[in-house]
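What follows is one structure encoded as structure tokens, with my remarks underneath.
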Amino acid sequence: MVENFYYAYADVLDTGDVERWPDFFTDDAVYRVTGRDNADANLRLGLIYCEGMAMLKDRAFAIAHTEMFAPRYLQHHISNVRMLGIDDAIIRAQANYLLLETVTDEPTRLQQAGRYYDRLRWTGERLLIEERQCVYDTIIIPNCIVYPI
Amino acid sequence: MVENFYYAYADVLDTGDVERWPDFFTDDAVYRVTGRDNADANLRLGLIYCEGMAMLKDRAFAIAHTEMFAPRYLQHHISNVRMLGIDDAIIRAQANYLLLETVTDEPTRLQQAGRYYDRLRWTGERLLIEERQCVYDTIIIPNCIVYPI
Amino acid sequence: MVENFYYAYADVLDTGDVERWPDFFTDDAVYRVTGRDNADANLRLGLIYCEGMAMLKDRAFAIAHTEMFAPRYLQHHISNVRMLGIDDAIIRAQANYLLLETVTDEPTRLQQAGRYYDRLRWTGERLLIEERQCVYDTIIIPNCIVYPI
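For the protein sequence lines, the chains are A, B and C, in the order given. With my numbering applied, the first sequence covers 3 to 151. With my numbering applied, the second sequence covers 3 to 151. With my numbering applied, the third sequence covers 3 to 151.
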């Protein structure tokens, strides 16, 4: 079930449907993208930080309606999905991701490798992300990160 | 079950046993390899197109018995396997693939990233591919595609 | 269960906890890292060869306590996990791995692509590796292999 949820999340991003991205989060969700050097040092500073649905929707809207960057295809390859614990309706889970980026007329490149650290909430009907921390190994990232991870 | 089927398919290609590749298809199968730009535009033109077992076998035979290209190792890494629907004996499914290629004495490179869009048929005994569309993000492909994806 | 075992193994290596790596093996385990050219030719010569717990622990200790190489992050992406047979308490299994390496201040690179060929033993409580052969496609490996695969 966790795998399916992750794959559906990736699908929305990879098919360019970024305005549906906030649908995967709870209203009070925290979303953070941080380098592994920072995460290992317990520094909470991140490249991207969203707290709550308004910020998530704002970010998704901004991306969907700006064209400040070259067109590209994305693919999130999710692997090593692990459930680490279940406590009532809360699941702690992690997974590796490989983000591949293809700018038109260039070869596909490894944009970043990283790991999701998640707290998922089961609402009784579906899973939602209560907290997602994306920790990337790739400190030097070719091009800026435009889209959510 | 779908995962196992996909991994067995990849194994046949990755161990160089291409003449067993048609065994994964129905007699009336359609197999197509298309760039994402074409697929998004609903253009059915593809780099590779096979319709029916005779064409599949013909292609497999040609690859197995020609040596017009440098020896190489292949690996298909399949991820994000999703079952999208089941209707009687027909399963619609998709998965991401990462095709890695190692030409002897060169570093391993990302040959292409793409996605399978499949219609699988359950024969009562085993799964077979009724339609497989391989849609690759990597428009610029280092070297031609020799093998099936 | 095999997937979870593989992901836990990868996690220990990827979080830099190499001294826990031997915990995944039986006391009489064999661990071997070999190029695909050698493996295909049934040559047992390998880049790394460990037989028995003492050699595994010795290797893990040496890595944990030397600093002869630049700091780096590793990620093992495990895919295409296949159980090939079960005989009593012995499971034969295989999986693809993609080893990504990020040396500080450099882009993430594909260190090697390869495959695990395993014999796993179920002790009644947990799985352990009785034999692991890591066969890599990437004959030219950027930098030496420092860590276990």
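We treat Cβ as the ideally placed atom computed from N, Cα and C, and that holds for glycine.
Asked, Found
"For N40(B), the residue or residues it bridges with in DSSP", "According to DSSP, N40(B) bridges with nothing at all."
"Backbone CA spacing between N40(A) and L47(A) [nearest angstrom]", "7 angstroms"
"Beta carbon proximity, D107(A) to chain B, threshold 9 angstroms", "yes"
"Straight-line gap, E5(B) to A12(B) (C-alpha atoms, nearest Å)", "11 angstroms"
"Buried/exposed call for N44(A), threshold 16 Cβ in 10 Å", "exposed"
"Sheet register partners of A115(B) (DSSP bridge)", "L100(B)"
"Beta carbon of Y75(B) nearer than 9 angstroms to that of T36(B)", "no"
"Three-state secondary structure assigned by DSSP to M55(C)", "helix"
"Start-to-end residues for the alpha helix (DSSP H) that takes in D13(A)", "4 to 16"
"Residue nearest to Y9(B) in terms of C-alpha spacing, selected from L122(C), R84(C), Y118(C), R111(C)", "R84(C)"
"Beta-carbon proximity of A91(C) to D120(C), cut-off 9 angstroms", "no"
"Counted within 10 angstroms of its Cβ, other Cβ atoms place F27(C) as buried (16 or more) or exposed", "buried"
"Contact set between the segment 66 to 85 of chain A and chain B, restricted to residues whose Cβ is under 7 angstroms from the partner", "Y75, Q77, H79, I80, S81"
"Nearest-angstrom Cα separation, counted from L100(A) out to Q114(A)", "6 angstroms"
"Range of the contiguous beta strand (DSSP E) that encloses H78(C)", "74 to 89"
"Contact set between L102(A) and chain B, taken where Cβ atoms lie within less than 8 angstroms", "L100, L112, A115, D139"
"Helix, strand or coil at E127(A) according to DSSP, with G and I counted as helix", "coil"
"When F63(A), L86(A), L112(A) are compared against P24(A), the one with the closest alpha-carbon", "F63(A)"
"Rounded straight-line distance, which links the Cα of D30(C) to that of A56(C)", "9 angstroms"
"L58(A) burial status per 10 Å Cβ neighbour count (16 or more: buried)", "buried"
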